[in-house]
Amino acid sequence: MPELHDDELHPSYIGMPTYLGTPFAINGKELKSMNADIAIIGAPVDMGVGNRPGARYGPRAIRQ
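Position one of the sequence shown corresponds to residue 35 (our numbering), numbered consecutively onward.
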């Protein structure tokens, strides 16, 4: 299985982080053109967690 993400070519601190380095779509039209079977969306919010700030970083951590 080929590597989807190469840290030397694409460091994690630049660009758009995606789940396992897979392609991303900016809008619905791009998503339809990809013929995607699924879409993964991360919602960075802290409101659902009491006394634990930082939950908003979860989606980005999963993508990296």
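We treat Cβ as the ideally placed atom computed from N, Cα and C, and that holds for glycine.
Report task. Pull up the distance between the alpha-carbon of Met50 and that of Glu64, whole angstroms please. Result -> 16 Å
**Report entry** Tyr53 beta carbon less than 7 Å from that of Ile75
**Finding:** no
Requested in this report: Note down the Cα distance separating Asn61 from Asn69, rounded to an integer number of angstroms.
Outcome: 13 Å
Query raised in the report: Run through DSSP, which three-state label would Ala95 get?
Result: helix
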